[in-house]
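Student:
There are 2 protein chains.
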Amino acid sequence: MIKERLAALRALMQQHTISACIVPGTDPHASEYMAPHWTEMSWISGFLGETGTAVITMNQALLWTDSRYYLQAEAELAGTSVELMRESDVDCPTITEWLCTNMREEKGKVAVNPEMYSVNGYRALKAELEEGGLELLSMDLISPLWTDGRPAIPTSLLYEYSETFAGESVNSKLTRVRQALKEKNCEALVISALDEIAWLLNIRGKDVDYTPCLISYVVLEMNKCTLFVAPSKLDEAAKKYLQSIDVCTADYDKVFEYLQGLSVGSIMYDGGKVNEALYEAINTTVKTVNVSPSPVLKMQSVKNATELAGERIAMRKDAVALTRFFYWLENEALKTPQTEITLAQKLGEFRAMGENYTDDSFCTIAGWKGNGAIVHYHAEEDTCAKIKGDGVLLLDSGGQYLDGTTDITRTVWVGDPTLIPDAVKRDYTAVLKGHIALANARFPKGTRGNQLDVLARQFLWAEGMTYGHGTGHGVGHFMGCHEGPQNIRTDNNTNPLQLGNICSDEPGLYRANQYGIRIENLIAVREAQNLGAHATGETFYEFETLTICYYDTNMIDMSRMTAQEIAWVNAYHSWVYAETAPYLTEVEAAWLKEKCKAL
Amino acid sequence: MIKERLAALRALMQQHTISACIVPGTDPHASEYMAPHWTEMSWISGFLGETGTAVITMNQALLWTDSRYYLQAEAELAGTSVELMRESDVDCPTITEWLCTNMREEKGKVAVNPEMYSVNGYRALKAELEEGGLELLSMDLISPLWTDGRPAIPTSLLYEYSETFAGESVNSKLTRVRQALKEKNCEALVISALDEIAWLLNIRGKDVDYTPCLISYVVLEMNKCTLFVAPSKLDEAAKKYLQSIDVCTADYDKVFEYLQGLSVGSIMYDGGKVNEALYEAINTTVKTVNVSPSPVLKMQSVKNATELAGERIAMRKDAVALTRFFYWLENEALKTPQTEITLAQKLGEFRAMGENYTDDSFCTIAGWKGNGAIVHYHAEEDTCAKIKGDGVLLLDSGGQYLDGTTDITRTVWVGDPTLIPDAVKRDYTAVLKGHIALANARFPKGTRGNQLDVLARQFLWAEGMTYGHGTGHGVGHFMGCHEGPQNIRTDNNTNPLQLGNICSDEPGLYRANQYGIRIENLIAVREAQNLGAHATGETFYEFETLTICYYDTNMIDMSRMTAQEIAWVNAYHSWVYAETAPYLTEVEAAWLKEKCKAL
Chain A
17 MIKERLAALR ALMQQHTISA CIVPGTDPHA SEYMAPHWTE MSWISGFLGE TGTAVITMNQ
77 ALLWTDSRYY LQAEAELAGT SVELMRESDV DCPTITEWLC TNMREEKGKV AVNPEMYSVN
137 GYRALKAELE EGGLELLSMD LISPLWTDGR PAIPTSLLYE YSETFAGESV NSKLTRVRQA
197 LKEKNCEALV ISALDEIAWL LNIRGKDVDY TPCLISYVVL EMNKCTLFVA PSKLDEAAKK
257 YLQSIDVCTA DYDKVFEYLQ GLSVGSIMYD GGKVNEALYE AINTTVKTVN VSPSPVLKMQ
317 SVKNATELAG ERIAMRKDAV ALTRFFYWLE NEALKTPQTE ITLAQKLGEF RAMGENYTDD
377 SFCTIAGWKG NGAIVHYHAE EDTCAKIKGD GVLLLDSGGQ YLDGTTDITR TVWVGDPTLI
437 PDAVKRDYTA VLKGHIALAN ARFPKGTRGN QLDVLARQFL WAEGMTYGHG TGHGVGHFMG
497 CHEGPQNIRT DNNTNPLQLG NICSDEPGLY RANQYGIRIE NLIAVREAQN LGAHATGETF
557 YEFETLTICY YDTNMIDMSR MTAQEIAWVN AYHSWVYAET APYLTEVEAA WLKEKCKAL
Chain B
17 MIKERLAALR ALMQQHTISA CIVPGTDPHA SEYMAPHWTE MSWISGFLGE TGTAVITMNQ
77 ALLWTDSRYY LQAEAELAGT SVELMRESDV DCPTITEWLC TNMREEKGKV AVNPEMYSVN
137 GYRALKAELE EGGLELLSMD LISPLWTDGR PAIPTSLLYE YSETFAGESV NSKLTRVRQA
197 LKEKNCEALV ISALDEIAWL LNIRGKDVDY TPCLISYVVL EMNKCTLFVA PSKLDEAAKK
257 YLQSIDVCTA DYDKVFEYLQ GLSVGSIMYD GGKVNEALYE AINTTVKTVN VSPSPVLKMQ
317 SVKNATELAG ERIAMRKDAV ALTRFFYWLE NEALKTPQTE ITLAQKLGEF RAMGENYTDD
377 SFCTIAGWKG NGAIVHYHAE EDTCAKIKGD GVLLLDSGGQ YLDGTTDITR TVWVGDPTLI
437 PDAVKRDYTA VLKGHIALAN ARFPKGTRGN QLDVLARQFL WAEGMTYGHG TGHGVGHFMG
497 CHEGPQNIRT DNNTNPLQLG NICSDEPGLY RANQYGIRIE NLIAVREAQN LGAHATGETF
557 YEFETLTICY YDTNMIDMSR MTAQEIAWVN AYHSWVYAET APYLTEVEAA WLKEKCKAL
């Protein structure tokens with residue numbers, strides 16, 4: 017089947033004298049979770065993993081993916097004639113390197129579907145190809161071929177997200193964004209990021225898993241706001257709501273025409289998010305202004321008091337679900353056979369009992385022993401580990417509640433705590449110390465996350481250890497579990513941490529084939545309190561810890577903890593107990609009290 | 017006099033229909049220490065401070081400078097008709113903001129001498145002016161006017177810097193730089209930074225204070241290297257040396273012609289350093305490639321084993337000078353009247369006794385009590401403080417030795433140590449803890465200085481305190497005391513720390529009108545040693561402390577020090593004593609032993 021599709025694509029390429037076609041695993045909205053409609057990469061290559069890019073030439077078909085997917089790709093590409101390019105390997109060429117080397121003779125054209133590339137991504141690709149003598153062409157070659165059986169664009173209903181939860185009226189948000197446009201002398205803004213649209217218009221939907229967003233575009237003008245959305249998504253209530261906030265609607269794919277017809281002096285777009293096809297649709301008489309991150313994302317990342325209050329409520333519900341789950345795990349679960357998947361399911365059930373729960377915020381990672389060392393581990397029914405004997409369990413999960421979004425990781429010892437190896441305690445304690453140091457950080461206004469990242473890594477680095485992922489990602493409010501622009505990573509992110517930003521604090525340590533350790537809370541940036549009499553007068557910020565769940569104190573090597581760290585854990589545990597116990601049964605509360613007893 | 021100069025300039029501006037002229041306090045080599053020949057800003061404005069920019073329009077003359085110079089500028093500008101623009105004040109417009117606002121009506125031309133702007137600086141200026149409807153023009157309006165009494169370009173002799181000190185032959189350096197050019201498909205490199213020229217050709221001079229550089233340009237081609245330098249700088253030995261390394265010479269100002277005539281495919285330049293006039297001189301048929309930092313600076317910043325060994329020798333000489341100075345200060349100095357300046361002179365005398373000493377590496381900062389709180393304090397003969405009674409002395413100084421460059425700050429209590437206020441001890445200890453934490457840092461290859469900066473600030477930040485300068489600057493080898501591209505600052509410097517980089521580690525804390533505290537060592541990046549059995553396999557780096565001088569332990573609040581920090585200070589003091597004592601008199605050594613005794 018893949019071979020037939022490749023043949024059809026090549027025929028089309030020949031017709032247009034195209035030498036190569038790149039098909040990335042992306043969608044037009046730069047989404048983390050994609051609707052099946054846009055799985056063009058999988059359709060043409062046969063590879064079903066989430067991350068990958070296919071490249072098709074007249075003689076070859078290749079699929080770039082990273083080491084997480086090597087095994088899966090090998091299996092799925094077998095017999096398709098598509099070759100696997102192992103992009104995590106140091107000697108693997110990048111796609112442009114490969115094209116520039118292998119297509120050098122032909123000096124040909126490379127086609128991509130411009131909807132699948134951000135403007136910035138498209139420009140970078142174009143520059144690299146041109147450097148190598150190749151031409152980049154915007155042309156969707158897959159849609160004309162993928163006519164049979166292509167999944168439709170999801171059709172979930174748009175619903176109003178109450179101001180009770182959102183904490184700010186649409187009118188107020190639109191006024192603020194328009195002010196930001198004015199400041200850059202712009203008269204319009206095009207938005208393709210689904211979380212930005214949802215935030216701006218106080219709307220939600222259920223088009224994809226885990227993120228309550230709705231597939232659409234927005235073009236905002238100074239006196240008009242148009243939502244481009246499939247009519248099937250709008251019931252009477254939705255129409256009425258959109259009218260009430262003065263938002264016009266047009267069909268989803270009419271956005272291109274609309275941009276062509278839009279006659280304003282200048283339009284703003286976020287080149288890191290807005291897709292190239294939208295950009296190309298903008299009338300050439302209009303000046304385009306690339307602002308990244310967009311003013312919408314910047315505002316959205318600063319949670320207001322209502323949103324933060326909602327997060328605290330969501331956290332209490334998560335706390336109850338987690339406590340019940342861990343109580344069950346320690347006292348009940350292992351009376352019957354359990355696997356990583358049954359544990360995840362059970363946790364999901366506990367979480368779903370929470371009021372206003374709508375979904376998980378991502379697919380729960382339950383990593384038993386060696387599987388915990390695979391950072392983006394995804395358990396499969398037929399291969400997942402059985403929970404047997406004593407060992408380390410890493411559990412990373414989160415929920416979507418109307419009040420807010422959660423994301424928490426705890427690593428616990430399952431079984432007899434006297435069997436915990438010293439090496440595990442040493443590793444757990446080094447991770448915990450970093451987790452605490454970051455949670456305790458105070459920093460002047462203007463500080464970026466990459467300046468604080470080392471606080472979480474310092475105890476690991478001191479012994480030559482590190483982890484290969486970021487320390488913290490931004491988190492949305494009843495929206496994406498990953499949200500920019502702020503984060504706490506080693507990368508050169510220039511966005512400072514702002515009051516009201518929410519980030520994760522999740523250092524880890526991974527011992528291949530043995531165990532993985534990660535400890536994650538969500539933390540919110542607030543004004544520093546009680547700076548004391550010696551402060552030098554600058555504005556200082558600090559973090560409020562939002563997540564409410566005990567740490568497995570059996571795993572702590574007390575000899576490595578300072579008095580301040582112990583005091584911090586004790587204070588946190590007192591708070592965890594106080595916040596959670598009222599919602600537990602007496603037995604569960606007594607059990608939690610023991611878990612939270614002072615070190 | 018200033019008024020006459022302004023009138024002459026305005027006549028010239030009128031002649032060329034120029035609305036405004038910007039005269040910055042820079043030179044054509046982006047130098048830290050400028051030869052008087054280039055003090056165009058001072059000549060036209062009357063302001064003699066080191067940092068400032070004059071702007072002259074037909075009706076107004078203005079001088080932008082920062083708060084360090086407000087008092088000086090007020091005095092020097094009195095009666096000149098030049099108005100002071102206080103650029104540290106939040107409501108002070110930038111130069112381009114001022115021009116775009118005040119010249120909006122005229123839509124006129126703004127002239128600058130392109131030799132005084134880096135290419136990147138010129139482009140940024142041009143873009144901002146054009147945004148505001150103004151045109152930027154390259155035209156030197158000062159030189160035609162400043163004919164009488166303009167100081168000549170310095171004429172110190174070029175001398176060979178022995179490979180014994182440099183540790184690498186010119187041939188090897190040229191080969192490496194040419195390889196770097198090849199990798200970017202370039203066939204030539206133009207260099208205007210004086211330290212890069214000195215490093216590349218193993219030459220030194222004495223054209224300016226503190227940095228042993230020589231005013232010149234270099235154009236490097238694949239088979240030719242041309243040094244543009246005044247013939248008067250070349251004695252027979254110099255000529256012979258340059259011949260021996262196969263370097264052609266041409267007169268200093270022939271570089272522009274040479275670039276016009278240079279016919280290569282493409283030429284590399286560092287747009288952050290190379291001046292706009294050089295760039296404009298490049299033949300338009302030649303492709304220009306802007307690479308910042310230049311490959312030369314990148315290589316130069318990585319000290320080789322010989323350079324590092326030389327630094328260690330220089331540090332021992334500094335240790336002896338500092339110890340003798342502090343011994344003298346405690347036991348002899350105050351028997352006669354002393355001021356900040358006499359202390360600085362005495363320290364200079366001790367330092368000058370060191371073998372291979374050539375100069376100080378910058379003007380010693382001796383800040384008594386409140387003056388120590390002025391970060392860039394420069395004592396003046398008639399206003400400097402008398403050292404009397406008990407108080408905090410901040411002493412920041414450094415030497416140029418043929419072996420290497422030093423830079424050290426110590427803060428000591430002068431007088432009765434039982435009188436040290438608790439607040440001083442608290443502040444000193446918070447600074448010292450950060451200084452130690454940075455010195456102790458371990459970090460994976462690829463880490464940038466801005467990721468480590470917080471280690472030095474964390475104890476201050478915890479109490480809402482900070483300092484307004486960088487934590488660490490790069491340091492040259494018998495060259496500039498400030499050298500890029502690496503540093504340890506909060507800024508977004510994308511250059512990672514490399515093996516062999518030297519940086520300062522100098523946190524501080526400043527209490528206006530009371531005292532300043534700064535503790536500074538130089539540290540070098542080396543491969544981490546003894547990572548232990550649990551390391552996760554990445555390449556880790558750490559710092560080697562180069563500077564050898566005791567800390568004033570009377571100023572430490574022991575209750576705030578951890579056991580590890582105390583152990584670190586004790587180990588450092590043992591080493592300081594062992595490295596220094598052999599070069600001291602018996603009495604001095606006994607005194608140092610007491611200073612270095614275990615806490």
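Chains A and B, in that order, give the protein sequences.
Using the numbering used here, the first residue of the first sequence is number 17, and each one after it goes up by one.
Using the numbering used here, the first residue of the second sequence is number 17, and each one after it goes up by one.
Just so it is clear, CB atoms sit at the ideal spot from N, CA and C, and this is done for glycine as well.
Can you pull the chain B neighbours of residue 460 of chain A, defined as C-beta to C-beta under 8 Å?
Tutor: Simply 477 and 482.
Student: Any idea which residues DSSP pairs residue 416 of chain B with across the strands?
Tutor: B:375 and B:421.
Student: So, are the CB atoms of residue 571 of chain A and residue 436 of chain A less than 8 Å apart?
Tutor: Going by C-beta atoms, residue 571 of chain A is nearer than 8 Å to residue 436 of chain A.
Student: Alpha carbon to alpha carbon, what distance is there between residue 519 of chain A and residue 197 of chain B?
Tutor: Each residue's Cα considered, the two are about 43 Å apart.
Student: Assuming residue 352 of chain A and residue 363 of chain A make a contact with CB atoms under 8 Å, what is their CB distance in whole Å?
Tutor: With a Cβ gap of about 16 Å, residue 352 of chain A and residue 363 of chain A do not count as contacting.
Student: Are residue 55 of chain A and residue 496 of chain A closer than 8 Å when you measure CB to CB?
Tutor: Their beta carbons are not under 8 Å apart, which means residue 55 of chain A does not touch residue 496 of chain A by this criterion.
Student: Look at the Cβ atom of residue 350 of chain B, then the Cβ atom of residue 383 of chain B, and state whether they are nearer than 8 Å.
Tutor: In this structure, residue 383 of chain B does not lie closer than 8 Å to residue 350 of chain B by Cβ.
Student: Please list, in chain order, the chain B residues whose beta carbon lies closer than 8 Å to that of residue 521 of chain A.
Tutor: What residue 521 of chain A touches in chain B: nothing, since even the nearest Cβ is about 15 Å away.
Student: For residue 64 of chain B, which residues of its own chain have a beta-carbon under 7 Å away from its beta-carbon, when the five flanking residues on both sides are left out?
Tutor: The residues are 58 and 92.
Student: Report the three-state DSSP secondary structure of residue 274 of chain A (helix, strand or coil).
Tutor: Three-state result, residue 274 of chain A: helix.
Student: Can you give me the C-alpha to C-alpha distance between residue 229 of chain A and residue 145 of chain B, rounded to a whole angstrom?
Tutor: Computed Cα separation, rounded: 43 Å.
Student: Which first and last residues belong to the alpha helix (DSSP H) in which residue 588 of chain B is found?
Tutor: 579-596 is the span of the alpha helix (DSSP H), which, as asked, contains residue 588 of chain B.
Student: Closest Cβ-Cβ distance between residue 524 of chain B and chain A: below 8 Å?
Tutor: With 8 Å as the cut-off, residue 524 of chain B does not count as an interface residue toward chain A.
Student: If we call anything under 8 Å between Cβ atoms a contact, is residue 568 of chain A one with residue 434 of chain A?
Tutor: Going by C-beta atoms, residue 568 of chain A is not nearer than 8 Å to residue 434 of chain A.
Student: On the three-pair Cβ rule with 8 Å, is the region 479-494 of chain A touching the region 479-496 of chain B?
Tutor: Result no; under three Cβ-Cβ pairs closer than 8 Å.
Student: If you measure between the beta carbons of residue 533 of chain A and residue 592 of chain A, is that distance less than 8 Å?
Tutor: In this structure, residue 592 of chain A does not lie closer than 8 Å to residue 533 of chain A by Cβ.
Student: What three-state label does DSSP hand residue 571 of chain A in the structure shown?
Tutor: In the structure shown, residue 571 of chain A sits in a helix (DSSP, three-state: H, G or I).
Student: In terms of residue numbering, what span does the alpha helix (DSSP H) encompassing residue 21 of chain B cover?
Tutor: Element bounds for residue 21 of chain B: 18-31.
Student: Using beta carbons (cut-off 8 Å, strictly below), is residue 548 of chain B in contact with chain A?
Tutor: True, the Cβ-Cβ gap to chain A drops below 8 Å.
Student: Taking only heavy atoms of the ligand SAM into account, decide whether any of them is closer than 7 Å to the Cβ of residue 160 of chain B.
Tutor: What this structure holds is no ligand at all, so the ligand SAM is not there to describe.
Student: Of the residues that make up the region 539-564 of chain B, which ones have a beta carbon closer than 7 Å to any beta carbon in chain A?
Tutor: So the close ones are 544, 547, 548, 550, 551, 552, 554 and 556.
Student: Tell me the DSSP bridge mates of residue 559 of chain A?
Tutor: According to DSSP, which records beta bridges pairwise, residue 559 of chain A is partnered with A:541.
Student: Which same chain residues, not among the five before or five after residue 327 of chain B, have their C-beta less than 6 Å away from its C-beta?
Tutor: Here the set comprises 420 and 562.
Student: Does the separation of the CB atoms of residue 237 of chain B and residue 203 of chain B fall below 8 Å?
Tutor: The answer is yes: Cβ separation under 8 Å.
Student: Taking CB distances under 8 Å as the criterion, tell me whether residue 508 of chain A reaches chain B.
Tutor: Yes, residue 508 of chain A counts as interfacial toward chain B.
Student: Return the chain-ordered list of same chain residues with a C-beta closer than 6 Å to the C-beta of residue 42 of chain B, the five sequence neighbours on each side being excluded.
Tutor: Only 132 meet the Cβ criterion.
Student: Measuring alpha carbon to alpha carbon, tell me which of B:531, B:290, B:119 and B:66 ends up nearest residue 149 of chain B.
Tutor: When only C-alpha atoms are compared, the closest one is B:119.
Student: With distance defined between alpha-carbon atoms, name the residue in B:36, B:544 and B:524 nearest to residue 116 of chain B.
Tutor: Of the listed residues, the one whose Cα sits closest to residue 116 of chain B is B:36.
Student: By the criterion of Cβ-Cβ separation under 9 Å, what are the contact partners of residue 466 of chain A in chain B?
Tutor: Those within 9 Å of residue 466 of chain A in chain B are 464, 466, 467 and 508.
Student: Apart from the five residues just before and just after residue 122 of chain A, which ones in its own chain have a Cβ nearer than 8 Å to its Cβ?
Tutor: Here the set comprises 35.
Student: To the nearest angstrom, how far is the alpha carbon of residue 16 of chain B from that of residue 87 of chain B?
Tutor: No information on residue 16 of chain B is available, as it lies outside the stretch 17 to 615 that chain B covers here.
Student: Please determine if the region 198-218 of chain A and the region 308-325 of chain A are in contact, where contact requires at least 3 C-beta pairs separated by less than 8 Å.
Tutor: The region 198-218 of chain A is in contact with the region 308-325 of chain A.
Student: With a Cβ-Cβ cutoff of 8 Å, do residue 295 of chain A and residue 135 of chain A count as a contact?
Tutor: In contact: residue 295 of chain A and residue 135 of chain A (Cβ atoms closer than 8 Å).
Student: What distance in whole Å lies between the Cβ atoms of residue 354 of chain A and residue 403 of chain A, which are believed to be in contact at a cut-off of 8 Å?
Tutor: Correct: roughly 4 Å between the Cβ atoms.
Student: Return the CA-CA distance between residue 103 of chain B and residue 110 of chain B, expressed in angstroms with no decimal places.
Tutor: For residue 103 of chain B and residue 110 of chain B, the distance between alpha carbons rounds to 7 Å.
Student: Check this for me: beta carbons of residue 461 of chain B and residue 555 of chain B, under 8 Å apart or not?
Tutor: Taking 8 Å as the Cβ cut-off, residue 461 of chain B and residue 555 of chain B qualify as a contacting pair.
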